[in-house]
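Visitor: Note that this note's numbering numbers the sequence shown so that position 2 is 65, with each residue one more than the last.
Even for Gly, the Cβ is constructed at its ideal location relative to N, Cα and C.
Keep in mind the model is a prediction, meaning the values are calculated, not measured.
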Amino acid sequence: MKRRFLSAAAEAIIPALLLAALIILHPVSIDLAVERFFAPDGTFPLQNSAALLFFHKWAKLLTVFVALGVIAIAVKDRAKISPRISVTEAGYLITAILVCVGTVSVLKDMTGVYCPVSTTFFGGTHPILAPHFGFSLSAPGNCWPGGFAGTGFSLIPFWFAFRRRRPTLARAGLFFAILFGTVCGVIQMMRGYHFPSHNVATFLLDWSLSALVYLAFLASSLKRSHAARFIRIPQKA
């Protein structure tokens, strides 16, 4: 248990440090180089693409369906000796997904970063800004970290939930989360609504948060285990 705790702590700290480095370095030149590929003449031809708008509208529901499926399976199997998804695993998954989605949503309202299409480099009126962290939930910009990429990256908790008991499912879940999050992020980049660093930030943030929630569940499990051992200790007369 101690090794699992230390491993999860490292998995929370390392991406958090990488996220801090990304914010400090603020790779504007890389962001611009990538976005200029999607807007060679300074405008984004796919900004209002019907296909991309359709995907942006409906893809978010996939995460909701996954969460509902997790709950349904856990409830159905709760009396089984070897459930497909245990109640604890489902509790962790839903909690971590909500923490990831909620944190990204709050940060988008706080950090005051504009989307590429709103900047002077692509016909807008605003500068490219690094995220700043104030206490206002109504900062202008609303573009950091990448929210749509978080639709996929918020499923990273599948890796933590199942990697010990069902490693094949854990790997498949992680692969899907990264693939889906990357596709969602690239689509928004094609439309001019995120720089690549915005989506990388979401990935690092969601991984760190998933590990932190996992740590909380591990700590709770460890506490219950210690309490159970204490109860079983025979008391002297």
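(1) What number of angstroms, rounded off, separates the C-alpha of Ala224 from the C-alpha of Ala142?
(2) Anyone know if the C-beta pair for Gly175 and Asn262 falls short of 9 Å?
(3) When DSSP labels each residue in this structure, what does Val195 get in the three-state scheme?
(4) According to DSSP, is Thr245 helix, strand or coil?
(5) Let me check one thing: in DSSP terms, what residues is His189 bridge-paired to?
(6) If you measure between the beta carbons of Phe198 and Met173, is that distance less than 9 Å?
(7) With a threshold of 16 other CB atoms inside 10 Å of the CB of Ala282, please say whether the residue is buried or exposed.
(8) If I follow the unbroken alpha helix (DSSP H) through Pro78, where does it start and stop?
(9) Start and end of the alpha helix (DSSP H) containing Cys163?
(10) When the Cα atoms are used, what is the spatial distance from Phe238 to Ser70?
(11) Going by DSSP in three states, Pro220 sits in which element: helix, strand or coil?
(12) Using the rule of at least 16 other Cβ atoms within 10 Å of the residue's Cβ for burial, across every protein chain shown, is Ala202 buried or exposed?
(13) Got a sec? Which residues, its chain only, sit under 8 Å from Ala240 by beta carbon, not counting five neighbours each side?
Guide: The short version:
(1) Against the sequence shown, residue 224 aligns to sequence position 161. Against the sequence shown, residue 142 aligns to sequence position 79. Their backbone Cα atoms lie some 19 Å apart in a straight line.
(2) Along the sequence shown, one-based indexing puts residue 175 at 112. Along the sequence shown, one-based indexing puts residue 262 at 199. It is not a contact, given that the beta carbons lie outside the stated cut-off.
(3) Translated into the one-based positions of the sequence shown, residue 195 becomes position 132. In the sequence as presented, Val is not what sits at residue 195; that position holds His. If DSSP states are grouped into helix, strand and coil, His195 belongs with coil.
(4) If you number the sequence shown from 1, residue 245 lands on position 182. Thr245 falls in the helix class under three-state DSSP.
(5) Residue numbering aside, residue 189 sits at position 126 when the sequence shown is read from its first letter. In the DSSP output, where bridge partners are listed per residue, His189 has Thr182.
(6) Position 135 of the sequence shown, counted from the first residue, corresponds to residue 198. Position 110 of the sequence shown, counted from the first residue, corresponds to residue 173. Cβ distance < 9 Å, so Phe198 and Met173 count as in contact.
(7) On the sequence shown, position 219 is the one that residue 282 refers to. Ala282 should be labelled exposed.
(8) As a working note, residue 78 is residue 15 in the sequence shown. Note, Pro78: alpha helix (DSSP H), Lys65 to Leu88.
(9) Taking the sequence shown and counting its residues from 1, one reaches residue 163 at position 100. Start and end: Val150 to Met173.
(10) Along the sequence shown, one-based indexing puts residue 238 at 175. Along the sequence shown, one-based indexing puts residue 70 at 7. Cα to Cα, the separation comes out at about 20 Å.
(11) For the purposes of this step, residue 220 is taken as the residue at position 157 of the sequence shown. In the structure shown, Pro220 sits in a helix (DSSP, three-state: H, G or I).
(12) By one-based count along the sequence shown, residue 202 stands at place 139. Ala202 should be labelled buried.
(13) Mapped onto the sequence shown, residue 240 falls at position 177. Excluding five sequence positions before and after Ala240, the CB atoms of its chain that fall closer than 8 Å to its own CB belong to Gly215, Phe216, Ser217, Leu218, Ile219, Phe221 and Trp222, given in chain order.
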